[in-house]
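One structure is given below, encoded as C-alpha cells.
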Amino acid sequence: MSRIKYVFRDGWRLVWRHFGMSLLTIFTAMSVFFVVGATMLFILNIQNMVRVMEGQLSIQAYVKGDAELDAVAQKAKAIANVREVKIVTKEMALERLRARLGNQANAVTLLGENPLPASIEVKVSHAADVSDTARMLIALPEVEDIVYAGQVVEKLSRVADFVQQFSLVMLIVAITASGVVLFNTIRISVYSRAEEIAVMLKVGATSTYVAFPFVIQGFILGLSGALFASAALGYAYFRAITCLKEMLPFLTFIEATRYLGKLSLVLILCGTVLSLFASLIAVEKFIRKAARPL
Amino acid sequence: MEIQFSGVSKTFPPDINALENIYLNVDKGEFVYLIGETGSGKTTLMRCIFREVVPSRGHISVGGHALRKMGRFELALFRRDIGVVFQDFALLPNLTAFENVAFVLEVMGMPKKEIEGRVVDVLKTVGIWRRRALFPQQLSGGEQQRLAIARAVVNEPSLLLADEPTGNLDNHTADEIMQLLLDINAAGTTVIMATHNQYLVDSYRHRVVKLRRGRIVRDDREGGYESNVED
Chain A
2 MSRIKYVFRD GWRLVWRHFG MSLLTIFTAM SVFFVVGATM LFILNIQNMV
52 RVMEGQLSIQ AYVKGDAELD AVAQKAKAIA NVREVKIVTK EMALERLRAR
102 LGNQANAVTL LGENPLPASI EVKVSHAADV SDTARMLIAL PEVEDIVYAG
152 QVVEKLSRVA DFVQQFSLVM LIVAITASGV VLFNTIRISV YSRAEEIAVM
202 LKVGATSTYV AFPFVIQGFI LGLSGALFAS AALGYAYFRA ITCLKEMLPF
252 LTFIEATRYL GKLSLVLILC GTVLSLFASL IAVEKFIRKA ARPL
Chain B
366 MEIQFSGVSK TFPPDINALE NIYLNVDKGE FVYLIGETGS GKTTLMRCIF
416 REVVPSRGHI SVGGHALRKM GRFELALFRR DIGVVFQDFA LLPNLTAFEN
466 VAFVLEVMGM PKKEIEGRVV DVLKTVGIWR RRALFPQQLS GGEQQRLAIA
516 RAVVNEPSLL LADEPTGNLD NHTADEIMQL LLDINAAGTT VIMATHNQYL
566 VDSYRHRVVK LRRGRIVRDD REGGYESNVE D
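Those protein sequence lines, which keep their order, are chains A and B. Yeah, the first sequence ends on 295 if you go by the numbering used here, and it's all consecutive. Yeah, the second sequence ends on 596 if you go by the numbering used here, and it's all consecutive.
Following this line, the structure appears as C-alpha cells:
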C-alpha cells in the first residue's frame, strides 16, 4: 500500500519538479490534439454538407393523368434506397408555380384550365443511388416522365466518395503525426532523466517502481493537454462558426454543442491513453538500457 | 554476506583488461580495503559485486547468489541488501537530501513513519541533518559524499561497497566517516572499501587487497597501505 502511495506521489512530483519540461509536453500534447480535433471537425462538417446536399436531391416523376397517385407513391416507396416520397397534385403544382412567379403570379390565369401534371417527388438516401432509382421509376407503367439533375448527382456522388476517402486519409495522417510528435516529446522528457532511472535501479528499485511514476506523469500531462485542446477547440470552433454563418449563410455547419462534447470526450480518452502508452514505451526502453549490465 | 570470485576476468571493448583472473573470498562480516592506483580495477571489481558489470570469464557468487543467472526483479531485491557509495555519488538531482535517503526505503515499501525515523537518525549521524531540505547540487562535495554514505547505510545492508567514501573529506571528517563504517561493520555488515587514503588504511588496520592492472598483487589480513610483500 505504501509503495502505491509513493509511486503516485513520485508521478505528481515528476510533473512539478520538471515544470518547464511538463509545460512543454502539455503544450505539445495540446497542439497535436487540437490539430486532430480540428481535422475531425473539418471532416464532420464536410460530410454534413454533402449529406445535406444529398438530402436536397430529388427526382420528380410525372404521373399519367389516369393513374392513382397514392398507388404510384406506394410503389415508389417500395424501391430500395428511397428515403421519402411526396405527392404533388395538380393543384399543388399550380400553387408552387404561383409562388415561384411571385409578382407575376396572376399570369397563371392565362393558362386557363390547370395544364400542370400531377407528380411524385422522390428523395433517396445517397446521391449515388439517384440514377438507379430514376431508372426504376421510369419503368413504372404509371410514370410518364422523370426529371432529375443527372450530372449534379453524378458529381455529388463522386464528391461524397472522395470526401469519405480523403477524410479517412487525413484523419490517419493527423493521428499518426500527432502520435509521433507526442511520443518524441515524452521520450525527450524521459531521456532527460535517463541517469536518474539508472541510479534508481542501482539502489534496488524494481523496473515497475521506476516506470510507474513516469506513466502517471504521462497520464497527467496527456489529460491536461487534451483538456486544454478541447477547451481551445470549443472556443475556436464557436468563433469560427459564428463568423462563417454570417459570411456563408447558404452552408450548413454542424452545431458546436451537439458534437463538441462527444469530440472532447474522444480527444480526452484517446489523448490520455496515447500519452500513457507513449510514456510506458519510452521509460521501458530506458529501463531496459539502464538495467543491462556492462 | 560472503563474496566469492573464481577466475574472474573482465575485458571492455576494444581490448581493455579491467580484471584478470581474480580469485577472491570475502567472509561474512569482514572489512576489506581495496587499494591500488587509479585504473587498477578497484571500481570494476566493486561493480561486478552488485552486478553492474558482468565478467567476461569466471564466476561470482554474492551471499549465495550466482550473479550470472539473475533476472531483473531478482536483481532489484538483491541490490536492496547492498549499500553502495558511488565514486560520483550518483544522487538523484531532483530529490532533496532527505528524499534521496528515503527513496531507498520507499522502494522496499517501508511505512512512512518508519522511514522518517530512520532517515532522521542517519542524516544526523553523517552530520547533514540541517541540510536535509536542499537538493544535491546545493550541497558541497563533502556534504554530497556524506549524503551518498547516508543513503548506502540507511537500510542496514548486509554488504556495503564504498568507492572512495572519504575522497573529498579532510582527515577529521574522514575519521568520523570511517567510524561510521566501522560501526556498521561491527553490527555484522560486510564492508568493502576502495580507497587511496593511506592514513585511514594505516590507522584502522583491516584486510588489504591491492590491485594492479586488473590483478590482485597483494592480500594482507592485517596489512597497512604499504608493504614489501607483493605477489
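Note that the Cβ used here is the ideal one computed from N, Cα and C, for glycine as well. Nothing here was measured: the structure is a model prediction, and the numbers come from that model.
C-beta neighbour in chain A for LEU457/B, strict 8 Å: yes
Within-8 Å CB hit, ALA212/A to chain B: no
Cutoff 8 Å: TYR7/A Cβ touching any chain B Cβ: yes
Alpha helix (DSSP H) runs wholly inside the segment 371-423 of chain B, at least 4 long, in chain order: 407-414
Boundaries of the alpha helix (DSSP H) in which ASP71/A is found, first to last residue: 70-78
Min CB distance VAL609/B to chain A below 8 Å: Residue coverage of chain B in this structure runs from 366 to 596, which leaves residue 609/B outside it and unanswerable.
Cβ-Cβ distance between ARG483/B and ALA462/B below 8 Å: no
Nearest candidate by alpha-carbon position, reference PRO116/A, set HIS127/A, GLU122/A, VAL123/A and ALA94/A: ALA94/A
4-residue-minimum alpha helix (DSSP H) runs that sit fully inside the segment 16-75 of chain A, ordered along the chain: 20-57
Selected residue, minimal CA-CA separation from ILE288/A, among ALA441/B, LYS375/B and ALA431/B: ALA441/B
Pick from GLU385/B, ILE368/B and PRO530/B that is closest to ARG578/B, judged by C-alpha positions: GLU385/B
Whole-angstrom distance between VAL204/A and ILE447/B, CA atom to CA atom: 8 Å
Local conformation of LYS628/B per DSSP, three classes: In the structure as shown, chain B begins at 366 and stops at 596. Residue 628/B is therefore absent and cannot be evaluated.
Every unbroken beta strand (DSSP E) within the segment 529-591 of chain B, with a cutoff of 3 residues, ordered by chain: 555-559, 572-577 and 580-585
Beta-ladder partner(s) of ILE121/A, from DSSP: ALA62/A and ILE88/A
Bridge partner(s) assigned by DSSP for ILE368/B: VAL391/B and VAL427/B
Reduced DSSP category for GLU145/A - H, G, I as helix; E, B as strand; rest coil: strand
Host alpha helix (DSSP H) of GLN448/B (start-end): Note on identity: in this sequence residue 448/B is Gly, with Gln being the wrong assignment. Segment 447-450 is the beta strand (DSSP E) holding GLY448/B; no alpha helix (DSSP H) there.
Beta-carbon spacing of ILE407/B, THR555/B below 8 Å: Note that residue 407/B is Lys in the sequence shown here, rather than Ile. Result no, Cβ atoms of LYS407/B and THR555/B do not sit closer than 8 Å.
Contacting positions in the segment 462-478 of chain B - beta carbon closer than 8 Å to chain A: PHE468, VAL469, GLU471, VAL472, MET473, GLY474, MET475, PRO476 and LYS477
ALA212/A: first and last residue of the uninterrupted alpha helix (DSSP H) it sits in: 208-248
Buried versus exposed, by CB contacts within 10 Å (16 or more), GLU247/A: exposed
Euclidean distance between Cα positions of ALA74/A and ALA161/A: 28 Å
Test: VAL200/A CB closer than 8 Å to a CB of chain B: yes
Chain A contact for ALA441/B (CB, 8 Å cutoff): yes
Top-ranked residue by Cα proximity to PRO530/B, from PHE438/B, ALA515/B, PRO522/B and GLU521/B: ALA515/B
Cβ shell of SER592/B (< 7 Å), same chain only, five flanking positions each side left out: ARG583 and ASP585
Neighbour flag for GLU197/A against chain B, beta carbons, 8 Å: yes
Chain-ordered residues of the segment 423-438 of chain B with a beta carbon less than 7 Å from chain A: ARG437 and PHE438
Beta carbon proximity, SER3/A to chain B, threshold 8 Å: yes
Interface partners of LYS203/A on chain B, CB under 9 Å: PHE415, GLU417, ARG444, VAL449, PHE451 and ALA455
Residue-level contact to chain B via CB, PRO1/A, 8 Å cutoff: An answer regarding residue 1/A cannot be provided, because it is not within the stretch 2 to 295 covered by chain A.
7 Å CB neighbourhood of VAL418/B in its chain, flanking five on each side removed: LYS375, THR409 and ARG412
VAL83/A - DSSP class collapsed to helix/strand/coil: strand
CA-to-CA distance, ARG10/A to VAL487/B, given in whole angstroms: 23 Å
Outcome for ASP528/B when other beta-carbon atoms lying within 10 angstroms are tallied against a minimum of 16: buried
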